[in-house]
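What follows is a set of notes on a single structure, which appears directly below.
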Amino acid sequence: MSAARRTPLATALRGWGGLLGIALLALALLVVAPAVLSDFRLGNLGKYCCWAIAAVGIGLAWGRGGMLVMGQGVFFGIGGYAMAMHLKLEAAGPGNVPDFMQLYGDGTMPGWWEPFRSGAFTLVAIVVLPALVALVLGYAILKRRVRGAYFAILNQALAVTFATLLVATIKQTGGFNGLNSFPTFFGYNLYDPVNKQMIYSIAAGLLIACLLVVWHLGRSRFGELLVATRDAEERVRFLGHDPANIKLVAFVAAAVMASIGGAMFAPIAGIISPSDVNAAASILLIAGVALGGRASLLGPALGAIAVGYGQSALSESFPNHWSYFQGALFIVVILLIPAGLASLPPRLWAALPRRGRTRKAATA
Amino acid sequence: MSTSRTRLAASTAAALAAALVLSSCGGSKSDDGSAAAADSCVDTSGDTIKLGFLNSTSGAMAISEQTVRDSLLLAAKEINADGGILGKQIEPVEEDGASDPAVFAEKIGKLLTSDCVAAVFGGWTSASRKAMLPVVEGSNGLLFYPVQYEGLEASENIYYTGATTNQQIIPAMDFLASKGVKTLFLAGSDYVFPRTANKIIKQYAAELGIEIVGEEYVPLDSDDWSTQVAKIVKAKPDFVFNTINGSSNVGFIKAYYEQGLGPDTSPIISVSIAEEEAPAMGKDVTGQFAAWNYFQSVETPANEAFIEAFQAEYGADRPTSDPMEAAYTSLYLYKNIVEKAESFDVDDVNAASDGVSFDAPEGTVTIDGENHHIAKTGLIGRINAENQFDVVWSSEGPIEPDPFLEGYDWWDPSAE
Amino acid sequence: MESFTTPLLTGTSTGAILLIAALGLALTFGQMGVINMAHGEFLMAGAYTTYLTQQVVSSADVSVLLAIPVAFLVAGLLGLALEAGIIRWMYHRPLDTLLVTVGVGMVLQQLAKDLFGAQGDPVREPGWLQGNLTVLGYHWPYTRMFTIVLAVVALGGLAALLKRTRFGRQIRATVQNRDLAETMGISTRRVDRITFFVGSGLAGVGGVAVALASGTNPTLGTSYIIPAFLVVVAGGLGQLRGTVLAAWLVGVVTAFLTDWFSGSTAQVITFALVVVFLQVRPQGLFTVRTRGLA
Amino acid sequence: MLELRGVSVGYGRTAVVHDVDLEVPTGGAVAVMGHNGAGKTTLLRAAVGLLPVRSGTILLDGVDVTRMRPHQRVRRGLGYVPQGQLCFPQLTTLENLRLVADGRPDGARLVDEVLDTFPALRGLLPRKAGLLSGGQRQQLAIARTLLTQPRLLVLDEPTEGIQPNVVAEIEEVIAALTARDDLSVLLVEQHVGFALRATGRYYVLESGRVTSSGSGGPGAVADVRAAMAV
Amino acid sequence: MSRGRDYLEVRGLTVDFDGFKAVDGVDLTLLQGRLHFLIGPNGAGKTTLVDALTGLVPGTGLARYGAHDLLGLKPHRIVRAGVGRTFQTATVFEELSVLQNLDIAGGVHRRAWQLALPRRGVPAYVDDALDAIGLGDLRDRPAGVLAHGQKQWLEIGMLLVQDARVMLLDEPVAGMSAEEREATGELLQRIGRERTIVVIEHDMEFVRRFADTVTVMHAGRVLTEGTVAEVQADERVQEVYLGRTTDAVGVDPEAVAAEAAGEGA
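Chains as they are written, first to last, in UniProt numbering: chain A, 1 to 364; chain B, 1 to 416; chain C, 1 to 294; chain D, 1 to 230; chain E, 1 to 265.
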């Protein structure tokens, strides 16, 4: 795995350089972007940030842990729907039922919606719910030593199942249309540009926070152990660890991050629907991570932002060809630069002095 | 030593990030949750006026929505050739909704706040409309939505030029009642429109004395209908009410034939199969029925002109269909409202819209200023061997739009 | 009785299509370890080939039979191109083949949309397949029975190829020890290519069955790919009989669940059942001692 | 028959074989000896084509085969019996043989011939090769390679890990093969005495380099011992 | 016998692969403080025996160490019970430095939450292990660039950090030079005083030089057991295994790391 081969720059990026990179990104997202972008573009960037948050988690689980999590849409959806349910209830007002239940059903609300009236409960649920689901699923899958392609396929099947379930439960979750029309966000009017900027800042801030978590984990013993598990799972067993537990932690962390991303996506995009969480959406997240560099610190986040931007920009200019671009992206990146764009600067950097060295060797 | 420094740096960075987040939280908390209407940025000073055309030109819905885009562009071209709106040439700003509701929401925001268009035309799926609704209300913009839908909605900022349920579903039921249908089987895709439509159908059927002998849903993208069709065979209904969407119809019609059903045993009435979709099912669909407000075969002078212009522009093999006609009509209606209001301002437009009419290909349509829908005539067509629709039944004149079915006392929205 | 025969027979027909799709995967995934997510699009290519064959040979009676070998060839050649252009560089990165072929699938799907339109095109069944046989109250369409025949032929052909022919021995030898096969004078590159050709070609044959059942459309492959993979995994790698049983079970169980609940619920429950099953038997229905893919 | 000129081979960052020159004369037999890890197997794998060389040339019958794939070299008359009694465990003994023989016009006769050479295999034809004993598998491996009708036979440790009573049998077969005029042999063997008896020339490989070479025969045992003791 | 209080007792250990008994009713008593060598022809079941003791393959019978029956435990539990092993092909974490490799091996003794912290300084036991294996100068080099022998030492070092009371070493000196073998042997003698060490080995020279006890395995069974001299004198051993040693040089040709890497590729 050349991605993780320790070139000096890569090593540096894991330590101080990584922190510097995060600081620069924070500066760009939290200070520069709000100053130069229009409200509309800033909203778009906020959406990309939500995907980036999920991508950071994928970088942890896939890049560092070797688990190709092809169904992160599930967790993105859990967070997104939890938040959206709260916002719908907020819009409906105390004691009232969300509008769509009146339209599609008989106007009664299922009991499990009730707790989401509480903002505090919702915030807790956005973290705890995906963690629990990931724990149960991960435990079941990883303990049986399901890995590699099997893991990926089961994961994707999960995303398909989840989206189908959402579509099928139209009276409870809005079905294919999903949940939309959120006038307020914890009391803040969502039509007000100032508040939109605030929500953007929260999303960007959460992205930075997730990056800091991953940066820290990367430096910790756990980070080493995770990479070790990816590269030689059996060997880790003989260090006295159960590799399943190590991977489980990364899987759960990735799930929580995806959920946080989804939770911010709902108010920023104004909608969360099955098409934001299905297999295709999950794969788009993977595309960003692959592009940026699965095993690098900033790569997944930047890659996700780039893919989000590319989707907006390319679909504006070449509306019929976005699918081709997306497909080509997978083919070119995975085939030619499997370690992602993040691997290019260190590679170039490493290539330069080596040429000098070989010349020296030749003259010797 | 070095590690403690690192920790310090880490916590500082974390604190910094947190501070940034918190400081940016200084949002304004307005108490009235209503739309703080943003000032319109529409530029009406020049001799052109920008209009947004927002349809999916990529993704699953592209093939349907592209036809809407085509007729919008045709209408714009005709209007421009005729002197424009209030003397201003239409400058279309095209965007792709990519068959994804979230993208529709994003793009309509761009069109209204960044491109500053005077109005947006487009949307197809209910999901796309629902996603655009808060955005268009939030920025007090205008959206013209050209597709028949499940009703139960009326927004100050949206004009609905397709049918609402009392202009398509209810006429279809009236047609069935007129044919003496006693038993009905409901088959639909598992999403909003079929679910809502069937809720209405079931209540109206009870009123009409028609028995519902089965109700089946299949996921949107599923092609396998054999199990459900076996249930139809078993139920032997007088008619099948089909609310299946898109390509899923092909598998349904195939399974229906294979198991020995046909127009003479248990005929189908569809609300999503039009001139565009029928050829995909070939001869299998011949003899079946569809409920719309427009067919290519409608004989009006306006329709003759429309078909001629459309085929001249896009090719003689191109059929015209209900949503295309509704989109074409929507742009002309907008022109007529604006010219009545003598203003592009949204509030002025809304104030002037009531009673504005247009001699559309389907016949004369008139806007209801209360609910922003238009009065339309209900038509039932029977599919012939050329995959065209022969009109076999029509409502008595245009039906006033009633999106919330307030005029129907059998309707109980909270009943299951 | 009807409530039992109907799902059983419809499920068996659905299982047959699933089996043809899964047989190709059993070869490329089970034997070669390549996770080809574009396999569904090869299925789609087979369906469109059926449609195109009908455009050229207008007699539906003949064209469908003709479409079977042509679809095999078209999908096989697509597979060959994929192998030669991309997969051959990635045998040591099985997980990455998954992602690359996802990209290939996207491109093929968009290509089909651009070439044929998103609406789908009709495929007429031949006269000799019109009608149905009434089995205990269920009108079993001849086309559905035909897919079962097609599946049995594909299965028999594949089994004979692997067990009886020289090329089958070469495939099995290459799977077991690539270097050794090479030094026995077998061109393992050639074996790879042909294996991929045959596996992809089988998807094309599956496409004919799909076209007969539900016509063509650009996205039809996506609804088969995940179930087909689950069938291969649940059946046990390298186990044809496992694949057969798993395909039949998934088809029939889904049909019964659809009958009892709804189509969406059936999908959800079937997936859940497969996941639970893989918890109990991660190595599938039938086990063979073989290298894992991980 | 086979000539290696300045061949270097390595894995990843480390070179294992350095600048080796070696020749197997037509009809002759050559032994390569050396400690574990000296690079003997690596050298053979490069000669057969399973490993790319870093530099140097490999000639087979005077033709440069350095860039050819293994199966192409096999078609040019190179037969290889790898270390470890390798076979295709899920194929039967007969299938193991037919795998090779099928492509040849006189395949059936050839199978019959090698079964005469290894009569013990006759009774094992329907059995899966994975269930054979080590000695039986080695006989199968040699028989299978003979079916490719090699003019040069490359044997990597043919008696390693095999029960003593079978070893004698296999040594007999190898001795018979090396004695054939129409067959050249390149043999890697730990058993110095046997190797030198069976071959006419030896090379000693240490840390990937040829440190000594000479004529074979029992008299060379002491020389080889001395060379390897360094 | 009197030296060791600690011991690993194996009774009737059998490993059955679909009817083929790779290990067949093996009885062994392995005492602390002695260097045990396990020899025998290829396929005799030596590695399978170690695999069974470390949870890699399922075995039946009894393998008692302290209060545990190893056969019922999962691999990581066996490690935590104090039994460690190395592999024929050295498997160190190539991308981690020597120091990180050693440190990561110490994880057994840390609490779970400590894993979430970055490393602070070098723990004393890691330093000790580094000294013991003599790789102090290379502590910051990636393990991937180490020579084959050095990787084997690193693996032994990792076992030291793990504080494995029982060490099962699979051909630790294969491919090493004479000097390296000597150094390895001495290292094993040093660390073996408080440990139970079992070495699978083919190099009889090495066995003669360092073995306290030799167990000869053949066809899954224990053929004989005793001191080097006793074993060498055994006719059956000569027949199945040592027969040709007078004639052969460097008896067994197991895969050297490089060659194994080639086969794996």
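Where a beta carbon is used, it is the ideal one built from N, C-alpha and C, also for glycine.
Since we're looking at a predicted model, the values are computed, not measured.
- Between the alpha carbons of residue 116 (chain B) and residue 148 (chain B) lies a distance of about 27 Å.
- By the neighbour-count criterion, in which 16 or more other beta carbons inside 10 Å mark a residue as buried, residue 155 (chain A) falls on the buried side.
- Taking 9 Å as the CB threshold, residue 192 (chain C) stays off the interface with chain D.
- Excluding the 5 residues flanking it on each side, residue 55 (chain D) has same chain C-beta neighbours closer than 6 Å at 8, in chain order.
- For residue 327 (chain A), the chain C residues whose Cβ falls inside 9 Å of its Cβ are 102, 103, 104, 105, 106, 107, 108, 109 and 110, in order along the chain.
- Listed along chain A, the residues sitting closer than 9 Å to residue 272 (chain C) by beta-carbon distance are 161.
- Taking 7 Å as the cut-off between beta carbons, none of the residues of the stretch 145-177 of chain B comes near chain C.
- Bounds of any alpha helix (DSSP H) do not take in residue 321 (chain A), whose DSSP letter is neither H nor E.
- Residue 188 (chain A) is bridged by DSSP to A:185.
- Within its own chain, the residues whose Cβ lies closer than 6 Å to the Cβ of residue 217 (chain E), once the five positions on either side in sequence are excluded, are 40, 44, 45 and 46, listed in chain order.
- Relative to the Cα of residue 212 (chain B), the nearest Cα in the group B:400, B:134 and B:238 belongs to B:238.
- Counting the other CB atoms within 10 Å of its CB gives residue 41 (chain B) a total below 16, which places it among the exposed residues.
- The beta-carbon separation of residue 115 (chain E) and residue 225 (chain A), rounded to 7 Å, stays under the 8 Å limit for a contact.
- Residue 132 (chain C): member of the beta strand (DSSP E) spanning 132-135, first to last residue.
- Proximity of residue 167 (chain A) to chain C, defined by a Cβ-Cβ separation below 9 Å, is satisfied.
- Within the same chain, 204 come within 6 Å of residue 29 (chain A) by CB-CB distance, once the 5 residues on both sides are set aside.
- Taking a 10 Å sphere around the C-beta of residue 254 (chain B), we find 16 or more other C-beta atoms and assign the residue as buried.
- When DSSP states are grouped into helix, strand and coil, residue 235 (chain C) belongs to the helix group.
- The DSSP-derived three-state label of residue 283 (chain A) is helix.
- Sequence-distant Cβ neighbours of residue 74 (chain D) in its own chain, meaning closer than 6 Å and more than five residues away, are 148.
- Residue 164 (chain C) is classed as exposed because its beta carbon has fewer than 16 other beta carbons within 10 Å across all chains shown.
- Close partners of residue 102 (chain D) in chain C (Cβ separation under 8 Å): 166 and 169.
- When DSSP states are grouped into helix, strand and coil, residue 51 (chain A) belongs to the helix group.
- Closest option to residue 123 (chain E), judged by alpha-carbon separation, among E:145, E:38, E:160 and E:183: E:160.
- Proximity of chain A to residue 262 (chain C) at the Cβ level (cut-off 9 Å) is accounted for by 168, in chain order.
- Against chain C, the CB of residue 292 (chain B) has no partner CB under 9 Å away; the residue lies outside that interface.
- At least one CB of chain C lies nearer than 9 Å to the CB of residue 148 (chain A).
- Membership of residue 264 (chain A) in the alpha helix (DSSP H) is indicated by the continuous run 243-269.
- Think of a sphere of 7 Å around the beta carbon of residue 119 (chain E): the chain A residues whose beta carbon falls inside it are 221, in chain order.
- Leaving aside the five residues that flank residue 200 (chain A) on each side, the residues in its chain whose CB is nearer than 6 Å to its CB run, in chain order, 42 and 46.
- Taking 9 Å as the CB threshold, residue 238 (chain E) stays off the interface with chain A.
- In the structure shown, residue 179 (chain E) adopts helical secondary structure according to DSSP, grouped into three states.
- The criterion of a C-beta distance shorter than 9 Å is satisfied by residue 290 (chain B) and residue 270 (chain B).
- A Cβ-Cβ separation of about 7 Å places residue 220 (chain C) in contact with residue 43 (chain C) under the 8 Å criterion.
- Taking a cut-off of 8 Å for Cβ pairs, the stretch 266-276 of chain A and the stretch 168-180 of chain A touch, as three or more such pairs fall below it.
- Beta-bridge partners of residue 139 (chain D) (DSSP): none assigned.
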